[in-house]
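Under full-length UniProt numbering, the first residue of the sequence shown carries the number 1, and numbering increases by one thereafter. This report refers to the structure that appears directly beneath it.
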Amino acid sequence: VFDEPTLRAIQQLFSRGVLYTLENILATGKEANVFRGKTHDGRNRAVKIYRLNTATFRKLAPYIDGDPRFPHGGKSHRDRMFVWAQKEYKNLHLMHAAGARVPRPYHVHRNLLVMQYLGWRYRPYPTLRELPPAKPREFLEQLMDSIGAWQHAGLAHGDLSEYNVLNVRETPWVIDVGQGVPRQHPRFDELHARDMANIYRWFRKWLPELKLEELETWSM
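Structure follows, in structure tokens:
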């Protein structure tokens, strides 16, 4: 992930005072790695570094094409990843402003996204898959509050599952929102329905009485 253009971009964040150090790795993925960084005053930040040399960028095209916020989605892989970083930043900003529990975005530059750190010291909080909630019904209700908030703001997450919901001391926080699309996107309804189906599938294991229609009512 640390190719020459990325190293230059990191150095620019240091020079601008956005970051002071880059610490340990928090998560690895096909499109990006996430690191813990620190500011000059010692505050932790999550730093997402999108890969510039991955071949998976073709999978991102359906989420960029049709998004009116990005009419020129970029023709090269590098341009696509820069757009993707901007897309996740804007989605986080809209979701956070709407009251959803997502990391607060602080800065985006080229293929780097700096946001609120969700962890204890040097370790991130576990995902829903890693640590199921002690009280599934209460946890689900809080999660649906966030889903309803960003839906009212005109967004669908687009890839919601137990892998990108963090269990932060029995409170759900949602991450990885780059796939999010606005209501004008031609796949908005499809992606929102898929999100609901994924959440229903997972919580049904803990709440056998749960109905999919109940989730749809909550998110309206």
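All C-beta atoms in this analysis are idealised placements derived from N, C-alpha and C, irrespective of residue type, glycine included.
Between the alpha carbons of residue 182 and residue 111 lies a gap of roughly 22 angstroms. Boundaries for residue 64: no beta strand (DSSP E) harbours it, while the alpha helix (DSSP H) harbouring it runs 61-64, taken from the DSSP string. Between residue 117 and residue 44 the beta-carbon gap is near 4 angstroms, inside 8 angstroms, which marks them as a contact. When the Cα atoms are used, residue 11 and residue 217 turn out to be separated by approximately 47 angstroms. Looking at 28, 30, 49, 17, the one whose alpha-carbon comes closest to that of residue 7 is 49. By the C-beta criterion, the segment 90-101 is judged to be in contact with the segment 149-164, since at least 3 inter-stretch pairs fall below 8 angstroms. With respect to residue 88, residue 128 sits apart: the two C-beta atoms are not nearer than 8 angstroms. Between residue 178 and residue 155, the beta carbon gap of about 12 angstroms keeps them out of contact (Cβ cut-off 8 angstroms). Contact holds between the segment 60-67 and the segment 185-192, because three or more Cβ pairs, one in each stretch, are under 8 angstroms apart. One Cα belongs to residue 77, the other to residue 26, and the distance between them is close to 25 angstroms.
Cβ neighbours of residue 167 within its own chain (closer than 8 angstroms, five residues either side excluded): 125, 126, 127, 128, 130, 131, 132, 133, 139. Residue 36 is bridged by DSSP to 46. For residue 138, the secondary structure class from DSSP, reduced to helix, strand or coil, is helix. The shortest CA-to-CA distance from residue 146 to any of 106, 94, 123 is the one to 94.
Beyond the five residues adjoining it in sequence on each side, residue 203 comes within less than 8 angstroms, by CB distance, of 136, 140, 210 in the same chain, given in chain order. Across the set 176, 195, 121, 159, the C-alpha of 176 shows the shortest separation from the C-alpha of residue 32.
Rounded to the nearest whole angstrom, the CA to CA distance from residue 1 to residue 18 is 20 angstroms. For residue 85, the closest of 40, 172, 9, 142 by C-alpha to C-alpha distance is 9. For residue 173, the enclosing beta strand (DSSP E) stretches over residues 172-174.
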